[in-house]
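Trainee: Quick one: the structure is below, questions incoming.
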Amino acid sequence: MNDKMIVLNEFTGRATGLTSARPQPTDSAKETESASQAKCRDMNKLGEFVWNNITDEKKTYKFPLELEAPSRRNRQVVGMTEAAPDDGSKRESNKRRSLSWSLLGSSLAKEASQYSLSASGLPEEDVPKFRKMKVVDLEDDDLNRHDCMAMVCSVIEHMASIGIICKTVEEAKANPMPKWLSTITGAITADHTKPNALLFLCRVIINCAEVLKVYVHQLLPVILDILARRKLGSELDAFVIDLVVTVLTWTADLDAKDLKGLGVSNQAQSVLEFLVTHCGHQRSDIQNTQLELVNAWVGTWKRQLRFPGDTILQLCEAISLDGKDARGVFLFGIFVKNDLVDFLEIQDYSLERILDRLPKLLAGKHRLLYTTVADVVGLTFCKMNEGVGIDNNFLGSVESNLAAILKMGQRDQYVLVLNRICRLYEPFARSFTETMMLQLPRALASFKVAILEVIAMACIGLDKPVQKLEGLGFIDMLAHGFTETMMLQLPRALASFKVAILEVIAMACIGLDKPVQKLEGLGFIDMLAHGYVL
1 MNDKMIVLNE FTGRATGLTS ARPQPTDSAK ETESASQAKC RDMNKLGEFV
51 WNNITDEKKT YKFPLELEAP SRRNRQVVGM TEAAPDDGSK RESNKRRSLS
101 WSLLGSSLAK EASQYSLSAS GLPEEDVPKF RKMKVVDLED DDLNRHDCMA
151 MVCSVIEHMA SIGIICKTVE EAKANPMPKW LSTITGAITA DHTKPNALLF
201 LCRVIINCAE VLKVYVHQLL PVILDILARR KLGSELDAFV IDLVVTVLTW
251 TADLDAKDLK GLGVSNQAQS VLEFLVTHCG HQRSDIQNTQ LELVNAWVGT
301 WKRQLRFPGD TILQLCEAIS LDGKDARGVF LFGIFVKNDL VDFLEIQDYS
351 LERILDRLPK LLAGKHRLLY TTVADVVGLT FCKMNEGVGI DNNFLGSVES
401 NLAAILKMGQ RDQYVLVLNR ICRLYEPFAR SFTETMMLQL PRALASFKVA
451 ILEVIAMACI GLDKPVQKLE GLGFIDMLAH GFTETMMLQL PRALASFKVA
501 ILEVIAMACI GLDKPVQKLE GLGFIDMLAH GYVL
């Protein structure tokens, strides 16, 4: 019998506790099968045969993040099951079940056919057969196309359908780990398990994640251990991402107490540092997806995690003002948002250097970089204010770097950066009201809106914001600034809108030495005369 079918039959028997009758083979087949079974028993005693020999260690599996073609699913037929007929009639039992079908895929299938009436061509009872194909739908990759993958996944799903697998997490937690599961976990954690065998077992878990979810307390420590020990390799490829996503899916229904009870804090921290170190990619869409994966991991395990300051500092210091990669800053923002950065420890070397580096990155050349930095600066102000208060050194550094940007004539960048910071920490806008007013007349389109938003945020918390703005001359400036715009709208305006436009123009004239001459110079008098004559 083929070695791989022996392995599959051994696993099936261990999982279900069932044995199937086998046909009486020829003498030569007996000798071959006896030798193979003896080999299986000997190797199984060492705990090495079942999974190490199910895969070819000479084969190299790759799971690239960049796919040449869109991923697809591959539906594989794994068997046939009896099904009720559509007309509701009762099907008579088939007394002549094909032995060759039971051994589908085995080297004995051909030899067994001589003992099967259906396969040998002898007449059967004239009984209608109602059969249904049993299929397993797997992602189409090299590992899922393995000869035994679909069969093993089918066995696990069948175990769930007939009640061998527990129905709830509570039930699985209250009972000892079943032998079939301990076989899998033992092989995963064993040092003698070869790399491809480990990949095979992990892919089985990924494929059957929904069914195996009830064993989250038994499987999570095992999976986190192999991820933390880099047993699946040192790259963040599609396979590792699938396994991390499986962990996140399982932990979605667990509370902080359950996660702490698993006792895997060190492993979760190691996985975090691995994700942080390897989440970069030359393609921005892939990098953004991996950053979201880090964000999800931190959000789930934050009670068991520490801020990896040294790693984040290295990433921040590697950022170039001429580049677009803001990965280190984005990661720092994730930890700040999840309250893993303790600003009480601001004298910590790594944190102090990061806070010194951030304001300098506001002068980046690319919009993606400086807007990301501005968001994180605003978030940092907000979290500082909620805790120990704003650090004066950090505040002064941000203000001085903003002033340097404006001094270099980068008005658009200055406006956008200030707007992004103030969106997350509104009190910061109060120091820049007059500066924003000076930028308003020359601003266009979205930049004008951004300036007005900053001025509006500066008014939040003031007792008399209108009087404050009026005292700064903001109201008059608005009226004068929009005079020409209002004049263009006047001919097309109707009823109350025309009155409103005239009111704005009238307010614009307040304070002018010679308002009539001003309006005449703009052509307003002629426009009115022609408009009303018509």
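Heads up: the sequence shown begins at 1 in full-length UniProt numbering, then just goes up one per residue.
All C-beta atoms in this analysis are idealised placements derived from N, C-alpha and C, irrespective of residue type, glycine included.
How is Leu65 classed by DSSP in three states: helix, strand or coil?
Mentor: Residue state, collapsed to three classes: coil.
Trainee: Just mark Leu321 as buried or exposed, buried being the case when its beta carbon has 16 or more other beta carbons within 10 Å.
Mentor: With fewer than 16 other Cβ atoms within 10 Å, it is exposed.
Trainee: May I ask which residues mark the beginning and end of the alpha helix (DSSP H) holding Ser265?
Mentor: Its alpha helix (DSSP H) spans residues Ser265 to His278.
Trainee: Measure the C-alpha to C-alpha separation of Ala318 and Gly299 and round it to an integer number of angstroms.
Mentor: Distance between the alpha carbons of Ala318 and Gly299: 26 angstroms.
Trainee: Relative to the alpha-carbon of Ile205, which residue among Asp258, Lys231 and Val247 has its alpha-carbon at the smallest distance?
Mentor: Ranking the options by Cα distance to Ile205, first place goes to Val247.
Trainee: Looking at the secondary structure, which residues open and close the alpha helix (DSSP H) in which Val341 lies?
Mentor: Here Val341 belongs to no alpha helix (DSSP H), and DSSP marks it neither H nor E.
Trainee: Spatial neighbours of Leu355 within its chain, please: CB distance less than 6 angstroms, with the 5 preceding and 5 following residues excluded, ordered by chain position.
Mentor: Phe394, listed in sequence order.
Trainee: Would the beta-carbon of Gly387 fall within 8 angstroms of that of Phe343?
Mentor: Yes, the Cβ-Cβ distance between Gly387 and Phe343 is below 8 angstroms.
Trainee: I need the boundaries of the alpha helix (DSSP H) containing Ile164, first residue and last residue.
Mentor: Note, Ile164: premise wrong, no alpha helix (DSSP H); not H, not E.
Trainee: Cα-Cα, which of Phe200, Phe381, Cys202 and Leu181 is closest to Ile164?
Mentor: Considering only alpha carbons, the answer is Leu181.
Trainee: Please determine, among Ala458, Leu358 and Arg145, the residue with the shortest C-alpha to C-alpha distance to Lys59.
Mentor: Checked all of Ala458, Leu358 and Arg145; the closest Cα to Lys59 is Arg145.
Trainee: Could you check where the alpha helix (DSSP H) with Arg430 kicks off and where it finishes?
Mentor: That residue, Arg430, is in no alpha helix (DSSP H); it is neither H nor E in DSSP.
Trainee: What is the rounded straight-line gap between the Cα of Phe200 and the Cα of Val222?
Mentor: Each residue's Cα considered, the two are about 15 angstroms apart.
Trainee: Beta-carbon separation of His217 and Lys260 under 8 angstroms?
Mentor: No, Cβ-Cβ distance for His217 and Lys260 is not below 8 angstroms.
Trainee: Give every residue of the same chain whose Cβ lies closer than 6 angstroms to the Cβ of Ser431, excluding the five residues on either side of it in the sequence, and list them in chain order.
Mentor: Excluding residues within five positions, none has a Cβ falling inside 6 angstroms.
Trainee: Are the segment 373-383 and the segment 400-412 in contact at 8 angstroms, needing three or more beta carbon pairs?
Mentor: Short answer: they don't touch.
Trainee: Measure the Cβ-Cβ separation of Lys167 and Val214 and say whether it is below 8 angstroms.
Mentor: For Lys167 and Val214, yes; Cβs fall inside 8 angstroms.
Trainee: Along the chain, where does the alpha helix (DSSP H) containing Ala458 start, and where does it finish?
Mentor: Element bounds for Ala458: Ala445 to Cys459.
Trainee: Closest to Trp51 by C-alpha separation, out of Asn392, Lys194 and Gly263, would be which residue?
Mentor: For Trp51, the nearest C-alpha among the options comes from Lys194.
Trainee: By how many angstroms is the C-alpha of Met437 removed from the C-alpha of Leu452?
Mentor: Answer to the nearest angstrom: the Cα atoms are 9 angstroms apart.
Trainee: Thinking C-beta only, is Gly328 closer than 8 angstroms to Ile312?
Mentor: Yes, the Cβ-Cβ distance between Ile312 and Gly328 is below 8 angstroms.
Trainee: Would you report the Cα separation of Lys179 and Gly186, rounded to the nearest angstrom?
Mentor: Distance between the alpha carbons of Lys179 and Gly186 is about 10 angstroms.
Trainee: Hey, how far is the Cα of Asp285 from the Cα of Ala228?
Mentor: So the alpha carbons of these two residues sit roughly 26 angstroms apart.
Trainee: What is the DSSP secondary structure of Ala318, reduced to helix, strand or coil?
Mentor: Coil, per DSSP.
Trainee: Would you kindly work out how many angstroms separate the C-alpha atoms of Glu352 and His366, rounded to a whole number?
Mentor: Looking at the two C-alpha atoms, the distance is approximately 25 angstroms.
Trainee: In whole angstroms, what is the alpha-carbon distance linking Ala374 and Ala160?
Mentor: So the two alpha carbons sit approximately 51 angstroms from each other.
Trainee: On a Cα-Cα basis, can you pick out the residue from Ser154, Arg230, Leu254 and Tyr61 that is closest to Asn207?
Mentor: Among Ser154, Arg230, Leu254 and Tyr61, the Cα nearest to that of Asn207 belongs to Ser154.
Trainee: Leaving out the 5 sequence neighbours to the left and right, which residues in its chain are closer than 6 angstroms to Leu65 when beta-carbon positions are compared?
Mentor: Cβ neighbours of Leu65 beyond the five flanking positions: Ala238 and Ile286.
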